[in-house]
Amino acid sequence: MVAPVLPRDEVERIADLRALRILDTPSERRYEGIVHLACGVAGVPMSYIAMIDSDRQWLKAKCGLSFNQTGRDESFCGHTILQEEPLIVEDATKDERFCDNPLVLGRPMIRFYAGFPLKGPGGHNIGTLCLADKQPRHLDERVILLMKELVALTEHELRMVDLIGTQHELIETKRKLERMQSKLRQELHDASAYMQSLIPDPIASGGPLEIDWRYLSSSVLGGDLLGYHAIDRHRTAVYLIDVCGHGVSSSLLASSVFNTIRNQTLPRTRFGEPKSVIESLNRAFPMSLHQNKFFTIWYGVYNDTDRTLLHSCGGHHPASLLSQGEEFVKGLGEPNFMIGAMPAEQFDAYEESSQISEGAELYLFSDGAFEIKQNGVGELLGLKRFNEMLIKYRDKEGDNLDTLINQLQKYQGSETFMDDVSIMRVKFR
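Note that numbering that gives the first Met the number 0 has the sequence shown beginning at 0, numbered continuously upward.
As structure tokens, then:
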């Protein structure tokens with residue numbers, strides 16, 4: 000066995016690790032969700048997030064392992080942090096560094112290992128996100144790319160650990176993956192079910208608001224999420240998030256933003272003031288830290304004591320307000336930059352207030368609802384004609400969302416949408 004040498008930045012690296020105050024902390028579902036998803040993505044029985052301390056490796060999260068720490072000298076990860084690229088060992092019994100390692104000769108009988116370095120807030124390799132198997136194997140490029148996206152997510156959580164300490168459900172899969180060797184498509188389908196589970200249940204009649212929604216993902220994993228939660232006894236926040244692109248990275252960013260809003264964990268943010276929320280999101284989620292991905296958002300706060308709706312948006316089209324007895328749509332929202340694309344010091348969000356009459360309906364929807372072409376190749380539906388559909392099929396007694404979705408599918412000549420379609424209806428009583 001070859002023990003790993005100390006990196007040149009060992010003093011700074013240990014300081015970076017200790018500053019996080021993450022060592023010996025309890026298990027957290029957001030990190031457990033990452034390692035379970037990693038197992039599913041790679042089709043391996045073991046995955047873990049390891050922090051490399053001065054004399055040990057300690058596991059913040061693990062899947063398929065029974066121990067919580069090992070000595071640093073016998074760790075695979077002690078070697079991984081010495082480099083910037085992943086360390087991939089296809090068969091540990093044939094590698095002189097590990098062939099007589101206790102973790103190879105005894106439990107958990109590691110044969111395959113893939114370690115991806117994790118950087119702390121100071122830019123030093125403080126730990127790893129790892130895959131392991133009891134059988135030799137080869138890791139293809141597609142899985143490596145997906146793992147790098149999970150590394151970026153893990154690093155984001157490490158950077159935000161002091162700011163978003165209560166964000167426990169960042170990327171948890173809804174149920175434990177039943178078959179570790181199942182196809183990647185099935186695993187991603189399970190993750191998509193988790194994304195939809197984040198959306199709160201509809202609110203039926205009986206209070207000041209009735210809320211219903213429809214969510215249709217164009218791919219196995221989408222970048223749309225919509226939600227609502229009570230800020231206090233009389234104020235309710237409603238919002239829709241639309242991350243550019245599709246797939247793992249878009250869904251991970253969407254769930255991260257969603258949980259940040261739902262748990263109200265953004266520092267120095269007044270969640271009852273949409274302008275404050277939009278500007279804080281722009282500071283917290285710059286494109287440079289999220290694979291050049293941006294997102295748009297519409298965020299509003301309704302106060303049932305004076306029937307006012309404060310609202311703001313970042314790069315999102317207007318929401319549509321239909322007042323009772325009126326046959327026109329009032330757009331709520333002004334053009335603005337998408338979130339993450341502009342430096343915080345240059346980003347200035349607006350905030351507007353609208354008076355809401357009894358019986359009015361507010362519709363929030365992603366651009367996938369109106370950027371569809373007739374029969375897939377013809378004229379673009381557009382926002383104006385989409386609003387005309389809202390008026391035509393507006394809810395008077397029953398439910399109109401299924402009817403609206405059905406009409407959109409008829410217009411494009413297909414039940415499957417090219418982009419994510421999310422629609423939320425808020426009725427004001």
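Cβ coordinates follow ideal geometry from the N, Cα and C atoms, glycine included.
Other residues of its chain near residue i: CB distance less than 8 Å, five sequence neighbours each side excluded
| i | result |
| --- | --- |
| Leu117 | Ile48, Asn124, Ile125, Gly126, Thr127, Leu128, Val150, Thr153, Glu154 and Leu157 |
| Gln406 | Met388 and Tyr392 |
Any non-hydrogen atom of the ligand MG within 6 Å of residue i CB
| i | result |
| --- | --- |
| Ile51 | Absence of the ligand MG is noted for the structure shown, with no ligands found whatsoever. |
Span separating the alpha-carbon of residue i from that of residue j
| i | j | result |
| --- | --- | --- |
| Gln134 | Glu31 | 23 Å |
| Gly105 | Ala18 | 34 Å |
| Tyr112 | Pro25 | 25 Å |
| Trp297 | Ala37 | 32 Å |
| Pro6 | Leu252 | 32 Å |
| Glu140 | Gln56 | 27 Å |
| Leu102 | Val88 | 14 Å |
| Arg12 | Gly221 | 36 Å |
| Leu280 | Met194 | 20 Å |
| Ser191 | Val40 | 13 Å |
| His228 | Gly299 | 11 Å |
| Leu169 | Asp211 | Residue placement at Leu169 is poorly supported in this model, since its pLDDT is 35, which falls under 50; the coordinates still yield a value, given next. Cα to Cα, Leu169 sits roughly 24 Å from Asp211. |
| Phe115 | Gln345 | 35 Å |
| Val43 | Met146 | 13 Å |
| Ser413 | Met45 | 41 Å |
| Ile390 | Gly271 | 30 Å |
| Met108 | Lys59 | 21 Å |
| Leu225 | Ser53 | 44 Å |
| Ile51 | Leu22 | 10 Å |
| Ala131 | Ala91 | 10 Å |
| Met341 | Ser254 | 21 Å |
| Arg267 | Ile260 | 13 Å |
| Gln408 | Ser248 | 27 Å |
| Arg20 | Ala14 | 10 Å |
| Leu380 | Pro201 | 28 Å |
| Ser319 | Asn386 | 7 Å |
| Leu64 | Arg110 | 14 Å |
Run of the alpha helix (DSSP H) containing residue i, from where it starts to where it stops
| i | result |
| --- | --- |
| Leu81 | Here Leu81 belongs to no alpha helix (DSSP H), and DSSP marks it neither H nor E. |
| Asp99 | First-last for Asp99: undefined, no H or E at that position. |
| Lys383 | Gly381 to Lys391 |
| Met146 | Glu140 to Arg158 |
| Ala37 | Arg28 to Ala41 |
| Glu11 | Glu9 to Leu19 |
| Ile260 | Val247 to Arg261 |
| Glu278 | Pro273 to Ala283 |
Reference residue i, options the options, closest by Cα
| i | options | result |
| --- | --- | --- |
| Gly367 | Pro101, Ser279, Cys243 and Gly377 | Cys243 |
| Met159 | Asp23, Gly119, Asp132 and Leu144 | Gly119 |
| Asn434 | Met417, Val328 and His310 | An answer regarding residue 434 cannot be provided, because it is not within the stretch 0 to 428 covered by the chain. |
| Ile198 | Val247, Ile230, Asn258 and Pro207 | Asn258 |
| Gly358 | Gly121, Glu325, Leu130 and Cys62 | Glu325 |
| Asn290 | Arg428, His228 and Gly339 | Here the sequence assigns Gln to residue 290, which means Asn is not the residue at that position. Looking at the Cα atoms, Gly339 is the closest of the given residues. |
| Tyr362 | Lys372, Ser352, Glu350 and Leu400 | Leu400 |
| Glu327 | Leu58, Asp223, Arg384 and Asp94 | In the sequence under discussion, the amino acid at residue 327 is Phe, which differs from the Glu named in the question. The residue with the shortest Cα to Cα distance from Phe327 is Arg384. |
| Glu350 | Pro317, Gly70, Phe115 and Pro285 | Pro317 |
| Gln354 | Asn374, Arg306, Glu333 and Ser319 | Arg306 |
| Tyr301 | Arg428, Glu83 and Asp52 | Arg428 |
| Phe416 | Thr92, Phe369 and Ile390 | Phe369 |
| Ser217 | Asp419, Arg424, Asp8 and Leu239 | Asp419 |
| Pro85 | Ile143, Lys93, Met50 and Leu379 | Ile143 |
| Ile8 | Ile80, Val34 and Lys61 | The residue you asked about is not Ile; residue 8 is Asp in the sequence shown. Taking only the C-alpha atoms, the option nearest Asp8 is Ile80. |
| Asp189 | Gly246, Tyr238, Pro201 and Ser204 | Gly246 |
| Val4 | Gln373, Arg71 and Lys61 | Arg71 |
| Gly77 | Ser248, Ala2 and Leu308 | Ala2 |
| Ser74 | Asp90, Phe97 and Gln82 | Phe97 |
| Ala343 | Asn67, Ala283, Ile230 and Glu95 | Ala283 |
| Leu215 | Glu27, Asp231, Ser365 and Arg28 | Ser365 |
| Ile230 | Leu403, Ser287 and Thr264 | Thr264 |
| Lys93 | Gly332, Gln323, Ile240 and Met0 | Met0 |
Counterpart residues of residue i in DSSP-defined beta bridges
| i | result |
| --- | --- |
| Thr402 | According to DSSP, which records beta bridges pairwise, Thr402 is partnered with nothing at all. |
| Val1 | Beta-bridge pairing links Val1 to no other residue. |
| Thr268 | None, per the DSSP bridge assignment. |
| Phe364 | Ile422 |
| Asn67 | Beta-bridge pairing links Asn67 to no other residue. |
| Cys62 | Ser46 |
| Cys312 | Trp297 |
Proximal residues to residue i (C-beta, below 6 Å), its chain only, five neighbours per side dropped
| i | result |
| --- | --- |
| Lys426 | Glu209 and Glu360 |
| Asp303 | Pro207 and His233 |
| Met423 | Trp212, Leu225 and Leu363 |
Residues of its chain near residue i, where Cβ-Cβ distance is below 7 Å and the 5 sequence neighbours each way are ignored
| i | result |
| --- | --- |
| Ala348 | Lys274, Ile277, Glu278, Ser311, Gly313 and Asn335 |
| Met337 | Phe293, Phe294, Thr295, Gly313 and Gly314 |
| Gly375 | Gln411, Gly412 and Ser413 |
| Val34 | Ser46, Tyr47, Ile48, Ala60, Lys61 and Cys62 |
First and last residue of the uninterrupted beta strand (DSSP E) at residue i
| i | result |
| --- | --- |
| Phe294 | Phe294 to Asn302 |
| Asp132 | Asn124 to Asp132 |
| Glu209 | Leu208 to Leu215 |
| His228 | Asp223 to Ala229 |
| Leu117 | Phe111 to Lys118 |
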